[in-house]
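Below: the structure, in structure tokens.
In the UniProt record's numbering, the protein residues as written are 1 to 189.
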């Protein structure tokens, strides 16, 4: 089984943006899909760290990175029109799960979900993740790229991110939904 798709939550994008490392998302040579809800979460407050870097990167990489439409964002947009102060709580994760489910149903072998939030590790979220998904923290993803000699030093990237976002970006984590256990073992080796 081979990873055919990378889907991200908002925090990995912000972490990679402030570290100047968004290009690491394209190093595996697979499709990168950012849910529309996640894009909104990253750029909603343009002055926040990473927002402009992310938009610039999206513009440069429009041929390599897709923004995936989700029902989650469509619903949120309708509610936001009624209440401009509406919070996005867990909607990015739900949009990511929606994209993964749709792509896996369309026939891809396996997907990779990048996360940093502890919410992703909660059972109520994990049951929404379809089979054949590798779930990695940003830190674990970067260290996996380093082991594959795709980047020289994961720690340098994490150091740059930590200077802006704090030590939480270093939290490691790796999970696998049913059917992706072998991929998890291969990623961590």
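Glycine residues also receive a C-beta, built at the ideal position from the N, C-alpha and C atoms.
All of these numbers come straight from a predicted model, not from anything done at the bench.
According to DSSP, what are the bridge partners of residue 111? 5 and 133
With a cut-off of 8 Å on the beta carbons, I'd call residue 22 and residue 54 a contact; round off their distance for me. 7 Å
Applying the criterion that 16 or more other CB atoms from any shown protein chain within 10 Å of the CB defines a buried residue, is residue 45 buried or exposed? exposed
Is it right to say residue 83 is buried, meaning 16 or more other beta carbons lie within 10 angstroms of its own, or is it exposed? It is exposed - the Cβ of residue 83 has fewer than 16 other Cβ atoms within 10 Å.
How far does the alpha helix (DSSP H) with residue 186 in it reach, from first residue to last? 181-188
Please classify residue 167 as buried or exposed, where buried requires at least 16 other C-beta atoms within 10 Å of its C-beta. exposed
Suppose you measure from the CA of residue 6 to the CA of residue 116; what does that come to, to the nearest Å? 15 Å
Excluding the 5 residues flanking residue 160 on each side, which residues of the same chain have their C-beta closer than 6 Å to its C-beta? 19
Ignore the nearest five residues each way along the sequence and tell me which others in residue 175's own chain have a CB closer than 6 Å to its CB. 135
To the nearest angstrom, how far is it from the Cα of residue 42 to the Cα of residue 65? 15 Å
Of all the options 111, 97 and 152, which has the alpha carbon lying nearest to the alpha carbon of residue 70? 97
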